[in-house]
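Novice: Numbering (the working numbering), first residue to last: 20 to 423.
Below is the structure I would like to discuss, written out as C-alpha cells.
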Amino acid sequence: MIDASAPELPQIESAFQPVLSLAHGAPVGYEALLRARDAAGKPCSPEAAFAVARQAGRCGEYERACLRRHVARFAQFAQEEDVLFANLHPDVLVDPVHGPALAQELVESAVAPNRIVIEVLEARQETPAALVDAVERLRAHGFLIALDDFGAGLTNLGRVWDLRPDVVKLDRELICKAVESYRKARSLLRLVDLLHDIGTFVVIEGIETEEQARLSGDCDADFVQGYFFARPAIEIEPLVPFGVSTAVPLDARLGDARKLRRIADLEELGPYRRAFGRFKDAWCVGQPLAFAARHFLECEWALRVFVLDETGRQVGENVESDHHCERRCATFPLLARRAGANWSKRAYFREALLRPGETIVSEPYMSSSSTNLCVTLSAFVRMGEQGFVLGADISFEGWSRHLA
C-alpha cells in the first residue's frame with residue numbers, strides 16, 4: 020500500500036466543489052478534486068501528478084491514495100445527507116489488483132457506500148466488458164455510479180446503456196455552446212430529456228455565468244456545478260442557500276424560463292398563426308391550395324403548405340414558398356415525391372386529429388423534404404363528409420435566429 024507522503028510522488032491534498040440540487044437550492048454532495056504538490060513543494064496539476072505516478076509505475080496505488088485522502092477529508096466535514104463524488108480512471112477500476120483493493124478500502128472507510136458516487140472518467144478503455152464487470156461489482160457493494168464529461172470524446176450513449184449510471188455529468192462545453200442560440204439550447208434540453216428517459220440524474224458542469232445557470236434550470240437538469248455557485252475549496256464552509264443575499268432569489272431567477280419557452284407560446288409565432296388561420300378558412304370554402312395559402316407563404320420563414328387525408332396520406336404535392344428555393348433540395352430523390360406519402364406517425368398529424376379545428380404547433384423536427392429543421396402548423400378540418408389535416412411548415416433554423 021502506498022504511503023501518500025512518499026517523497027517520489029506528488030503530495031496529496033483534497034479540495035471539494037459542491038454539486039447543487041436546483042430543486043432544493045443546496046448541495047446534494049461534493050466532488051473531490053486533487054490539489055497536488057511536486058517534490059519541491061510547488062503546486063502541480065492533477066494531470067502532471069498522475070504523469071509522475073505513471074512514470075514511476077505506481078498509478079493505481081497513487082489513485083487509491085488520493086481516494087483514501089478524499090474520503091477521510093470528506094468524513095470530517097460532511098453532513099449526514101451529503102454524498103461524495105470521486106473521480107476514478109477506468110484502468111484502475113479494471114485492474115485485477117487495484118480494482119478490488121480500492122473497493123475494499125472504500126467499504127471499510129468511514130463513509131457508507133451509498134454516500135459515495137464513483138465517477139468513471141472519460142478515457143479509452145480497451146476492454147469495455149471488463150469495465151462493465153467492474154462497475155457491477157461496485158454497484159453490488161452499494162456504491163453509486165456516475166459518468167463524467169458526457170458529450171466529449173468517447174463518452175456516448177452506448178457507454179450509458181452499458182454502465183447504467185445513476186448520474187451523468189455533461190461536459191462543460193455543452194452549456195457554453197447552448198447559451199449561444201435558442202436552437203442549441205433546445206438541443207441541450209432534448210439531451211437532458213433523453214438521459215432522463217434512460218433513467219439517470221443529470222449534472223450540468225462548468226457553469227460560470229447566471230445565463231448558463233438559468234439555462235440549466237430551463238433544461239430541467241437535476242444538479243449543477245461550477246464557479247458561478249462555488250469554487251473548489253480545501254476548507255469547506257456551509258453554503259448560503261440560493262439567493263439569500265440577493266434582491267431577487269436565485270432559485271426564482273433560475274425558474275424564470277427565458278430561452279426555452281414552448282414554441283406554441285412564443286409571441287413571435289403570431290403572424291404565422293394568423294396567416295395560417297386565413298389559409299385554413301380560405302381552403303375550407305373551396306379556394307385552390309396555392310391561392311388559399313398565399314398570405315402564409317408570404318411570411319418571411321414560411322416554407323410550404325400541404326394537405327393530408329384522415330389516414331395521414333398526402334393529397335397532392337406541396338405548394339412551396341418562392342422565398343427559400345434552396346431549401347427544397349431533398350437529400351434522397353425519392354423524398355421529393357410527396358403525393359401519397361404517409362405522415363400518420365408525425366406528431367402534428369396525431370395532435371390535429373385529437374383536437375379538431377384547433378391550430379397545432381409542432382416541436383422542431385427534421386423535414387424529410389429538405390435538409391432543415393422545421394416547425395409545422397396543422398389543423399384538422401372537414402370538407403363535406405371528408406376530413407383533412409392542413410399543414411404549413413416554417414423554417415425553424417431561420418425563424419429561431421430572431422428569438423430572444
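Cβ coordinates follow ideal geometry from the N, Cα and C atoms, glycine included.
For A294, count neighbouring C-beta atoms within 10 Å of its own C-beta (all shown protein chains included) and say buried if the count is 16 or more, exposed if not.
Specialist: Label assigned to A294: buried.
Novice: Can at least three beta-carbon pairs, one atom from the stretch 181-201 and one from the stretch 215-226, be found at a separation below 8 Å?
Specialist: Yes: the two stretches touch, three or more of their Cβ pairs being nearer than 8 Å.
Novice: Out of V380, H342, R332, F368, state which residue places its alpha-carbon closest to the alpha-carbon of R357.
Specialist: Cα-wise, what sits closest to R357 is R332.
Novice: Cα separation between A23 and A84?
Specialist: With a pLDDT of only 47 at A23, under 50, the local geometry of the prediction cannot be trusted, and no value is derived from it.
Novice: Would you be able to state if there are at least three C-beta pairs under 8 Å between the stretch 240-260 and the stretch 33-41?
Specialist: At 8 Å Cβ cutoff, the stretches touch.
Novice: Leaving out five residues before and five after Y367 in sequence, what residues of the same chain have Cβ atoms less than 6 Å from its Cβ?
Specialist: Excluding positions up to five away in sequence, the list reads I379, S381, T395, S397.
Novice: Give the straight-line distance between the Cα atoms of G161 and L210, rounded to the nearest whole angstrom.
Specialist: Distance between the alpha carbons of G161 and L210 is about 28 Å.
Novice: Per the DSSP calculation, E50 is bridged to which residue(s)?
Specialist: Per DSSP, Q36, F104.
Novice: Using a 10 Å radius around the Cβ and a threshold of 16 neighbouring Cβ atoms, would you call A266 buried or exposed?
Specialist: Legend: pLDDT at A266 = 40, less than 50; position of this residue unreliable, value from coordinates given subsequently. Label assigned to A266: exposed.
Novice: Starting from A42, follow the beta strand (DSSP E) in both directions and report where the run begins and ends.
Specialist: That residue, A42, is in no beta strand (DSSP E); it is neither H nor E in DSSP.
Novice: Taking the C-alpha atoms as reference points, what is the distance between N175 and F169?
Specialist: Near 6 Å, if we compare the C-alpha coordinates of F169 and N175.
Novice: For R63 and S387, I'd like the C-alpha separation in whole angstroms.
Specialist: Contrary to the premise, residue 63 reads as Cys rather than Arg in this sequence. Cα-Cα distance, rounded: 53 Å.
Novice: Run through DSSP, which three-state label would V113 get?
Specialist: In this structure, V113 counts as helix in the three-state DSSP scheme.
Novice: Indicate the three-state DSSP secondary structure (helix, strand or coil) for K299 in the structure shown.
Specialist: In the structure shown, K299 sits in a helix (DSSP, three-state: H, G or I).
Novice: What would DSSP say about Q7, mapped onto helix, strand or coil?
Specialist: No information on residue 7 is available, as it lies outside the stretch 20 to 423 that the chain covers here.
Novice: Enumerated in chain order, which unbroken segments of the beta strand (DSSP E) with a length of 3 residues or greater are wholly contained in the stretch 203-248?
Specialist: Here the runs fully enclosed are 220-223.
Novice: Residues in the same chain with beta-carbon distance under 8 Å from E319, minus the five sequence neighbours each way, listed in chain order, please.
Specialist: H342, G417, W418, listed in sequence order.
Novice: Since D101 contacts P147 with CB under 8 Å, what's their CB separation in whole angstroms?
Specialist: 32 Å between Cβ atoms; not a contact.
Novice: Could you give the first and the last residue of the continuous beta strand (DSSP E) run that contains A91?
Specialist: Element bounds for A91: not the beta strand (DSSP E) but the alpha helix (DSSP H), 78-96.
Novice: Please report how far the alpha carbon of K203 lies from the alpha carbon of L166, in whole angstroms.
Specialist: Rounded to the nearest angstrom, the two C-alpha atoms are 22 Å apart.
Novice: Taking the alpha helix (DSSP H) that G417 falls in, what are its first and last residues?
Specialist: Where G417 is concerned, the enclosing alpha helix (DSSP H) stretches over 415-418.
Novice: Excluding the 5 residues flanking Y49 on each side, which residues of the same chain have their C-beta closer than 6 Å to its C-beta?
Specialist: Only F35, P37 meet the Cβ criterion.
Novice: Does DSSP classify G289 as helix, strand or coil?
Specialist: Helix.
Novice: Alpha carbon to alpha carbon, how far is D241 from E199? Give it in angstroms, no decimals.
Specialist: Those two C-alpha atoms are separated by around 22 Å.
Novice: Give me the residue from R280, R143, R87, P375 with the minimum Cα distance to Q123.
Specialist: Minimum Cα distance to Q123 is reached at R87.
Novice: Is the distance from the Cβ of N391 to the Cβ of L285 below 9 Å?
Specialist: No.
Novice: Name, in chain order, the residues that DSSP records as bridge partners for S397.
Specialist: BP columns for S397 point to I379, G410.
Novice: Do you know how far the Cα of D152 is from the Cα of G289?
Specialist: Going from the Cα of G289 to the Cα of D152 covers about 55 Å.
Novice: Just how far apart, CA to CA, sit V334 and E155?
Specialist: Between V334 and E155, the C-alpha separation is close to 54 Å.
Novice: Report the CB separation of V139 from L112 in whole angstroms; it is logged as a contact under 8 Å.
Specialist: That pair is a contact at about 7 Å.
Novice: Can R92 and A159 be called in contact, C-beta distance under 9 Å?
Specialist: No; because the gap between Cβ atoms is not below 9 Å, this pair is not in contact.
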